Structures are given as C-alpha cells and as structure tokens.
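So the sequences go chain by chain: A and B.
Taking our numbering, the leading residue of the first sequence gets 21, the next gets one more, and so forth.
Taking our numbering, the leading residue of the second sequence gets 21, the next gets one more, and so forth.
Protein chains: 2
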Amino acid sequence: MRSLVPILCGVLLALPSTALGQKDSGAEAAIHRGAAAWAAGWNSGDAGAVAALYAEDAVLMAPGMEPAQGRAAIMQALGGALKAAGGSQMKITPVEIMQGDGMAVEVGTFVDTAADGSHRDHGRYIAVWKNVGGTWMLYRDIWNSSMP
Amino acid sequence: MRSLVPILCGVLLALPSTALGQKDSGAEAAIHRGAAAWAAGWNSGDAGAVAALYAEDAVLMAPGMEPAQGRAAIMQALGGALKAAGGSQMKITPVEIMQGDGMAVEVGTFVDTAADGSHRDHGRYIAVWKNVGGTWMLYRDIWNSSMP
C-alpha cells in the first residue's frame, strides 16, 4: 500500500485542475465576463454594478487617490470617478490571464472615450481575482494611463 | 484501502506547498530581496541593475508612457525615468505576496523622495513575478501615484 499511495496521489494531482482547486477552467471565462460587466457598469454610470464585482475585502488602487479599501469605499470612489468622467465610455480588453490556487491575475488594456467622442484616456491594468465561494471576484485592482 | 487513500492524499495536499510544486517557500524571501534590489538599483541610478530583475519577456507598465516590452526596452525606460528623477530615493514596501504555480503576485507601496529631501511621489504597485529556471523574476509590473 505504501508504494501505491504516492502513485494514486500522483494521479490525483494530475487530474484536471478544478478537482484540486489549483486551476479553474471556468475562471478565464468568468474573468472575461467580469471585465465586460465592469465596462457595462461604467458605461451606464452604475457605480453599484461595478462595485458588486469586487470582493468585500477588495482594494481599488486608482491613480490620483489613496487606495479604496472594501466594497463600500470602492463604490464611493467609482461614483466620484464616474461623475468626473461625465458619461465616458470604457472599453476593456483582457490581454492575459494567469491562474494560481483560487486566484487569477488579469493583465489588460483600457480605452476611455469621452461623451463627445474624443479620446479621454488609455492605459493598462492588473487585476487580481479571487474565487469567493465559487464566484470569481476582483480582489486587487490597479491601472494607470499611458498618456504623457 | 479505498477509504484510506483519500485521507492520505488529503494529508499530502496539506503538506507545505513546495512538495507539490504549487508554492515555493523561497518565493516570498526572493521577492522581498527583489524589491530591496529594485530600490537599491534605483537609488544608485543604475538602470541596468534594476532591469536585470526583469525576465527577458517582461512588460513594464509605467504611468505616462506606452508599455516597455522586454528587458532592453525596460532598461531604456528606467534610464529615462532615473534621469527625470534627478537622484530621487525610492522606498519600496511589499505589503502582500500571493503565490500561484510558478508565479507570484506582489502588492506594495512606494515612497519617492527627491534629492533635496522633499516628497516627490507615493503610490502602489502590483508586480507579477515568475520563476525562471529557479530564479524569481519580474514579469509584469505596474504602478500609479496616489497623489492628486
């Protein structure tokens, strides 16, 4: 039995990742949906819808302000940003997704177009997602502008 | 035996992470050393020393410029930033490190003090590290300023 156990465990370890909680084949799709939902929430001016994508203990690290810690603070920060944006339309493009154990890292780009159609901003972000009871939620989120 | 195997596998899965190749107990120490080396390189104006911490295929996403892709471009970007910084001194503090399979995510803060001792900037960063042949190297790196 001693000799069999490592083999059986080896087989177990080689199983598709969901079985071990190491990788979640649904994570990538969930994160793509999340990125689309982020943009949709922003584009309709709905800070609550965007904030709902963040875990309760998430931290939003937006440029030009101290970090917003927790979903309530994040919603407030997003509300202020939306007001300043004046109906801008955000396009978010996930470029790569790396998975860990119950976490995933998304690197992507954004383009923000003002309500009058002019180019408002563009840049990159890194978002760390974590699996909270089966739902992938934003946990750490940072971006910056590529514009001089 | 059928009933024992899951238990034994459960024990195996609960072993320190290095045994499973999922986490590297040396990663956290390596990343702390890396963060210190980043600051030391910056503070001595040595773009090459800082660039050497990045993987060959790393991407540096610094505010106000398009991403620098690859170590050579990163060194050039850092050289420009160092010139603009005029001998500033950077303090970098890793706040949390999350590990995946051959990758790790570091979230931290920085404070940048001008050569004349005045406060130049402070903010947050997310750095994705990857294990390249046993060495933890910066793979994706983004930061922004908390200052208005």
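All residues carry an ideal CB built from backbone N, CA and C; glycine is no exception.
Predicted model only: the values in this text are computed from it and were never measured.
Each residue's CA atom was taken as its position, placing B/Gly107 and B/Tyr145 some 21 Å apart. Look at A/Ala75 here: in three-state DSSP terms it is strand. Residues of chain B whose Cβ lies closer than 8 Å to the Cβ of A/Ser165 are, in chain order, Pro83, Gly84. With fewer than 16 other Cβ atoms inside 10 Å of its own Cβ, B/Gly46 counts as exposed.
Taking 8 Å as the cut-off, the beta carbon of A/Met110 is found closer than this to the beta carbon of A/Trp62. In the three-state DSSP reduction, B/Ala124 falls in the strand class (E or B).
Secondary structure of B/Met110 (DSSP, three-state): strand. Cβ neighbours of B/Glu126 within its own chain (closer than 6 Å, five residues either side excluded): Ile51, Pro114, Ile117, Ala147.
By alpha-carbon distance to A/Ala75, the top candidate from A/Ala134, A/Met123, A/Ala135, A/Gly137 is A/Met123. Annotation: Cβ neighbours of A/Met118 in chain B (cutoff 8 Å, chain order): Gly120, Met123, Val148.
The C-beta of A/Ala67 has 16 or more other C-beta atoms within 10 Å across all chains shown, which makes the residue buried.
Between the C-alpha atoms of A/Asn151 and A/Ser138 there is a straight-line separation of about 37 Å. Put simply, the CB of B/Arg140 is far from chain A, with every gap to its CB atoms at 8 Å or more.
Burial check for B/Arg91: the Cβ neighbour count within 10 Å reaches 16 or more, so the residue is buried. Here A/Glu116 carries a strand assignment [DSSP, helix/strand/coil].
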